[in-house]
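K.L.:
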């Protein structure tokens with residue numbers, strides 16, 4: 003069975019500082035990997051995805067993530083955080099067959115200090 | 720192109736009542752997924768449907784919960800005889816298909832169910 007672990011429940015960074023959110027997955031084959039952002043009371047917005055190819059993927063809002071098969075990780079990074087980035091971030095893995103469903107981590111809440 | 724629509728956005732039910740949550744997928748999408756998010760938790764998969772077919776309901780509670788996606792109209796998640804533990808945000812997502820081009824799911828804004 004597939005699973006996703008986000009080890010950090012809550013992270014606080016200063017505005018302008020760099021950010022890395024960790025994500026580890028367990029899946030028997032090459033996974034489809036996603037990062038989503040959720041603002042309070044809102045739905046999920048896709049930041050970026052990895053299906054295959056280049057292991058460093060660029061997303062929206064200046065985010066990027068690197069797929070490392072050897073470490074079963076897909077960490078999200080941003081070089082300089084903005085106050086508007088404060089939100090909850092979810093990593094997810096999906097089957098690469100026709101099963102369709104995604105498995106989500108429990109999320110990391112990001113607080114940005116002025 | 721409108722995104723995934725869910726209604727109502729907020730729903731309050733008393734214990735024992737029925738809750739009906741609706742989801743209209745994005746235009747051209749024939750695959751619908753329902754997820755539940757309990758407070759302070761991530762999203763948990765409930766059910767995956769295509770038009771008139773339930774493909775995977777491995778995440779659905781065995782009792783009181785049902786889902787459908789008719790040939791015409793929105794997908795419906797139905798919860799009978801609601802209990803306080805059903806209070807959560809319910810998200811619907813849709814995709815074009817599955818596989819490499821279709822695993823990307825687009826999420827609706829969610830329905831926040833409160834059971835009093």
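Protein chains in written order, with my numbering: chain R, 3 to 116; chain C, 720 to 835.
Even glycine gets a Cβ: it sits at the ideal position worked out from N, Cα and C.
Residue 34/R and residue 89/R - do their beta-carbons sit closer together than 8 Å?
P.N.:
As a position in the first chain, residue 89/R is number 87, starting the count at 1. As a position in the first chain, residue 34/R is number 32, starting the count at 1. No, Cβ-Cβ distance for residue 89/R and residue 34/R is not below 8 Å.
K.L.:
By the three-class DSSP mapping on this structure, what secondary structure does residue 813/C have?
P.N.:
Indexing the second chain from 1 puts residue 813/C at position 94. Note: residue 813/C maps to strand in three-state DSSP.
K.L.:
Does the CB of residue 761/C have a neighbour CB from chain R at under 8 Å?
P.N.:
In the second chain, the residue the question calls residue 761/C occupies position 42. Taking Cβ atoms only, chain R reaches closer than 8 Å to residue 761/C, which makes this a yes.
K.L.:
Chain C partners of residue 44/R, CB-CB under 9 Å?
P.N.:
Here residue 44/R refers to the residue found at position 42 of the first chain. Residues of chain C whose Cβ lies closer than 9 Å to the Cβ of residue 44/R are, in chain order, 828 and 829.
K.L.:
Between the beta-carbon of residue 15/R and the beta-carbon of residue 59/R, is there less than 8 Å?
P.N.:
In the first chain, residue 15/R corresponds to position 13, counting from 1. In the first chain, residue 59/R corresponds to position 57, counting from 1. Between residue 15/R and residue 59/R, the gap from beta carbon to beta carbon reaches 8 Å or more.
K.L.:
Applying the 10 Å Cβ sphere with the 16-neighbour rule, what's the burial state of residue 805/C?
P.N.:
Within the second chain, numbered from 1, the residue matching residue 805/C stands at position 86. It is buried - the Cβ of residue 805/C has at least 16 other Cβ atoms within 10 Å.
K.L.:
Considering just the uninterrupted stretch of the beta strand (DSSP E) at residue 742/C, what are its terminal residues?
P.N.:
By 1-based counting over the second chain, the position of residue 742/C is 23. Segment 738-743, the beta strand (DSSP E) holding residue 742/C.
K.L.:
Touching or not, the region 746-758 of chain C and the region 65-79 of chain R, by the rule of three or more beta carbon pairs under 8 Å?
P.N.:
no
K.L.:
Residue 36/R and residue 48/R: beta carbons closer than 8 Å?
P.N.:
Position 34 of the first chain, counted from the first residue, corresponds to residue 36/R. Position 46 of the first chain, counted from the first residue, corresponds to residue 48/R. Their beta carbons are under 8 Å apart, which means residue 36/R touches residue 48/R by this criterion.
K.L.:
I want to verify the contact list: residues of chain C whose CB lies under 9 Å from the CB of residue 104/R, in sequence order.
P.N.:
Taking the first residue of the first chain as position 1, residue 104/R is located at position 102. In chain order: 752, 754, 762, 764, 812, 822 and 824.
K.L.:
Mind pulling the beta strand (DSSP E) runs of 3 or more residues that sit fully within the region 772-797 of chain C?
P.N.:
At a cut-off of 3 residues, the continuous stretches assigned as beta strand (DSSP E) that sit fully inside the region 772-797 of chain C are 772-775 and 784-787.
K.L.:
Taking a cut of 9 Å between CB atoms, which residues from the region 770-785 of chain C lie near chain R?
P.N.:
774, 775, 777 and 778
K.L.:
Rounded to whole angstroms, what's the CA-CA distance from residue 27/R to residue 103/R? Just pull it up for me.
P.N.:
Looking up residue 27/R in the first chain gives position 25. Looking up residue 103/R in the first chain gives position 101. Roughly 15 Å between the two C-alpha positions.
K.L.:
Measure from the C-beta of residue 809/C to each C-beta in chain R and report whether the shortest distance is under 8 Å.
P.N.:
Position 90 of the second chain, counted from the start, is the residue given in the question as residue 809/C. Closer than 8 Å: no.
K.L.:
May I ask you to report which of helix, strand or coil DSSP gives residue 755/C?
P.N.:
Mapped onto the second chain, residue 755/C falls at position 36. Residue 755/C: strand per DSSP, three-state reduction.
K.L.:
Which one or two residues does DSSP pair with residue 113/R in a beta bridge?
P.N.:
One-based indexing of the first chain puts residue 113/R at position 111. Residue 113/R pairs with 14/R.
K.L.:
Taking contact to mean 3 or more Cβ pairs, one atom from each stretch, closer than 8 Å, check whether the region 828-835 of chain C and the region 795-811 of chain C are in contact.
P.N.:
Look at the beta carbons and you see the region 828-835 of chain C touching the region 795-811 of chain C: at least three pairs across the two are nearer than 8 Å.
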